[in-house]
Amino acid sequence: MSVEIEEKIVATNGLKTEYMVLNMGPQHPSTHGVLRLELELEGEIIKKVIPHIGYLHRCFEKHAEAMSYPQVVPYTDRMDYLASMYNEFGYAVAVEKLLGIQVPERVDYIRVVMGELQRIASHLVALGTYGMDIGAFTPFLYCFRDREKILNLFEITCGARLLYNYIWVGGLSHDIHPDFVRLTKEFITYFRPNIKELNDLLTNNKIFIDRTANVGILPKDTAINFGISGPNLRASGFKWDLRKDDTYSVYNKFDFDIPIGEGLMGTVGDCWDRYYVRILEMEQSLRIIEQAIDQIPEGDVALGIPKRIKPPVGQVYSRVENPRGELGYFIMSNGSTNPFRVKVKGPSFVHLGVMNELCKGYMVADIIAILGSIDIVLGEVDR
Amino acid sequence: MKTAQDIFSILKEKFEDSVQELVSVLPVEHFITINPLAIDKVCLFLRDNDELLFDNLMNLSGVDDANGRTVNTEDGASKIEGATLSVYYHLESTSFRHKVALKVSAPIDNPDVASVALIWRHADWHEREAYDLIGINFLNHPDLRRILMPYDWEFGHPLRKDYKDPEYYQGMKVPY
């Protein structure tokens, strides 16, 4: 309502209009965790969204200061618990940079395979739960069925299904299982047609498109200014992937494309684009795994693990392309066996900060569609 | 693509005293130390200058330097002097692909740092986090509240090195 009309109403009959405040959460099935959104509404229209976070705050960074470098690894698992492999990967890369060591090539290849499998698993959860948020229950079951296969692969590798403690500084905790290569190849053949199935089931579904296309549009400039990264940034039409643009590990040896949002169903950077970029990325991850799995060199994966990690005084900011975006570790060393300061720049934390910008002017029901499309994990938001 | 040395020279010429020095630390990361009250002007210049275009703030982290030394006062008690809190900014240009790190340090008794939240909106939540966990006071921040700790937390800033848990919070025993 415009200010003039409002003033007129107040002047004529003494009635005052004000926004209604609605609390969404902390317990709400579609917030994917404990998150409270304070909404200011004018009827059904959203005027302001204020996210309140911290319900899962464990102060990982304080814990890290009291532990030695290798002991931090299991804690990184528990931040983004849907992409644990990649959190460890990022931490290991950062500490290795601080120490100035190079890991054996076999380790790098296995890390990439695990990382990309994790990316598919994480995207499957994102896509499945997104469908469920919108009201399509069946795709969720299909996605989880396929994710289960990836978790089985992780289970034969390191015994855990969710929190792995697998990628260590300088190496890996175990070598891969003798059957791992065969099973992974089988998984690729099995999974590839399922992406098409998911497209038929959900991506091109009329109801799904109506709910997501032209909703929550994030222009490219705004996205960069807000520090958005990963699939959400690419959906806004910006070709930016740290695996190519600031490469790490052995990603420069593989041939893969970076899909970006093209606004096929609506506008570039809307919810549907953010969803669809993830579908396309799974295909690319399969390509990377296919190339890497055949080239894994022989060697010992635990040989390079330092007995005692005591980096020289210094600091490093190192980042990797997590399934959700840019996961950065800022690690300061004062020369002792414990890190002096660890700061995690988590993509979910950053992406939640843009909620107000994304939701303004849309309807209350669209909040569910927007929040699901940016794909946050509250364990990482609150750390 | 510009090196840290080039960027330092450009900044030094433009801002003189506000830009202090170029420090190299392991493993080959350079950072430029800046006056905490001038950081917003320097950042605005870095973002908008045609040769630099640092459009992406990668990370902003507050640090308790724990660098004070204990001094005995005349009445026998001891106090800590010279301790500082720091903020590190890691910037990147998505068009030129160069990076730079900045550092500001403010005394722990009066930790005022100019906010960059209106230059990169990304900094908004990171500054709130640095305020919440370290206790750095960002001047001209649009909405400086606690973010991760409860809003009614009155027992200090947990990432300070001298932080002690309170015994009770809202009637609940804290140390377990």
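Taken in sequence, the protein lines are chains A and B. Here our numbering is used: the first residue of the first sequence is 2, the next is one more, and so on. Here our numbering is used: the first residue of the second sequence is 2, the next is one more, and so on. We put the CB at the ideal spot given by N, CA and C, even for glycine. These figures come from a predicted structure and were not determined experimentally.
What is the DSSP secondary structure of B/Asn-50, counted as helix, strand or coil?
Note: B/Asn-50 maps to coil in three-state DSSP.
Who does B/His-91 pair with in a DSSP beta bridge?
B/Asn-60 and B/Ala-102
Going by alpha carbons, who is nearest to B/Val-117 out of B/Leu-38, B/Ile-109, B/Leu-53 and B/Gly-157?
B/Leu-38
Residues that B/Ala-115 bridges to, as DSSP identifies them:
B/Leu-140
Quick check: A/Phe-122 and A/Arg-146, are their CB atoms within less than 8 Å of each other?
The displayed chain sequence assigns Ala, not Phe, to residue 122 of chain A. The answer is no: Cβ separation not under 8 Å.
Starting from A/Pro-312 and walking both ways along the alpha helix (DSSP H), at which residues does that stretch end?
Going by DSSP, A/Pro-312 is part of no alpha helix (DSSP H) at all; its letter is neither H nor E.
Per the contact definition of three or more C-beta pairs closer than 8 Å, is the stretch 89-98 of chain A in contact with the stretch 167-177 of chain A?
yes
Listed by chain order, chain A residues near B/Met-150 by CB distance under 9 Å:
Gly-55, His-58 and Cys-60
A/Gly-172 - partner residues in DSSP beta bridges
A/Trp-169
Run the CB neighbour count on A/Pro-232, radius 10 Å, all protein chains shown included, and call it buried at 16 or more, exposed below.
buried
Rounded separation between A/Ile-290 and A/Leu-265 - CA only:
28 Å
Does A/Gln-316 get closer than 8 Å to chain B when you measure Cβ to Cβ?
yes
Span of the alpha helix (DSSP H) holding A/Ile-297?
Counting along the chain, A/Ile-297 falls outside any alpha helix (DSSP H), and DSSP gives it neither H nor E.
Return yes when the Cβ of B/Leu-149 is within less than 8 Å of the Cβ of B/Ala-115, no when it is not.
no
Within 10 Å of its beta-carbon, does A/Met-283 have 16 or more other beta-carbons around it, so buried, or fewer, so exposed?
Of the residues assessed, A/Met-283 falls on the buried side of the cut-off, its CB having 16 or more other CB atoms within 10 angstroms.
Assuming A/Val-317 and B/Glu-30 form a contact by the criterion Cβ under 8 Å, report the distance between their Cβ atoms to the nearest whole angstrom.
About 6 Å separates the Cβ atoms of A/Val-317 and B/Glu-30, confirming a contact at the 8 Å cut-off.
So is A/Asn-226 in contact with chain B if we call contact Cβ pairs under 8 Å?
Closer than 8 Å to some Cβ of chain B, the Cβ of A/Asn-226 qualifies, so yes.
I'd like to know if A/Leu-328 contacts chain B, where contact means its C-beta is closer than 8 Å to some C-beta of that chain.
no
Strand pairing of A/His-53, partner residues [DSSP]:
A/Arg-37
Tell me, please, whether the stretch 337-344 of chain A touches the stretch 8-20 of chain A by the rule of three or more beta-carbon pairs shorter than 8 Å.
no
Skipping 5 residues on each side, what residues in its chain have a beta carbon closer than 6 Å to that of A/Lys-240?
Ile-259 and Ile-261
Which of helix, strand or coil DSSP assigns to B/Leu-160:
coil
Please state the DSSP three-state secondary structure of A/Glu-149.
helix
Note down, one range per segment and in chain order, each beta strand (DSSP E) of at least 3 residues found wholly within the stretch 216-300 of chain A.
At a cut-off of 3 residues, not a single continuous stretch assigned as beta strand (DSSP E) sits fully inside the stretch 216-300 of chain A.
To the nearest angstrom, report how far apart B/Thr-71 and B/Asn-36 are at their CA atoms.
25 Å
Could you compute how far the alpha carbon of A/Leu-142 sits from the alpha carbon of A/Leu-125?
10 Å
Cutting at 8 Å between CB atoms, please list the residues of its own chain near B/Asn-68, excluding the five before and the five after it.
Gly-83, Ala-84 and Thr-85
N- and C-terminal bounds of the alpha helix (DSSP H) containing A/Met-86:
85-100
Since A/Gly-354 meets chain B, which of its residues come closer than 8 Å, beta carbon to beta carbon?
Arg-122, His-123, Asp-125 and Trp-126
Simplified DSSP state of B/Ser-96, which is helix, strand or coil:
coil
On the three-state DSSP scale, how would you describe B/Gln-6?
helix
Report the residues of the stretch 294-319 of chain A with a CB closer than 9 Å to any CB of chain B, ordered along the chain.
Residues of the stretch 294-319 of chain A with a C-beta less than 9 Å from any C-beta of chain B: Pro-312, Pro-313, Val-314, Gly-315, Gln-316, Val-317 and Tyr-318, listed in chain order.
Leaving out five residues on either side along the sequence, give the residues of the same chain with a beta carbon under 6 Å from the beta carbon of A/Gly-373.
Tyr-131 and Asp-134
Just mark A/Tyr-191 as buried or exposed, buried being the case when its beta carbon has 16 or more other beta carbons within 10 Å.
exposed
Leaving out the 5 sequence neighbours to the left and right, which residues in its chain are closer than 8 Å to A/Gln-28 when beta-carbon positions are compared?
Answer for A/Gln-28: Val-35, listed in chain order.
Check each candidate in A/Ser-230, A/Gln-292, A/Lys-308 and A/His-64 and name the one with the smallest Cα separation from A/Val-251.
A/Gln-292
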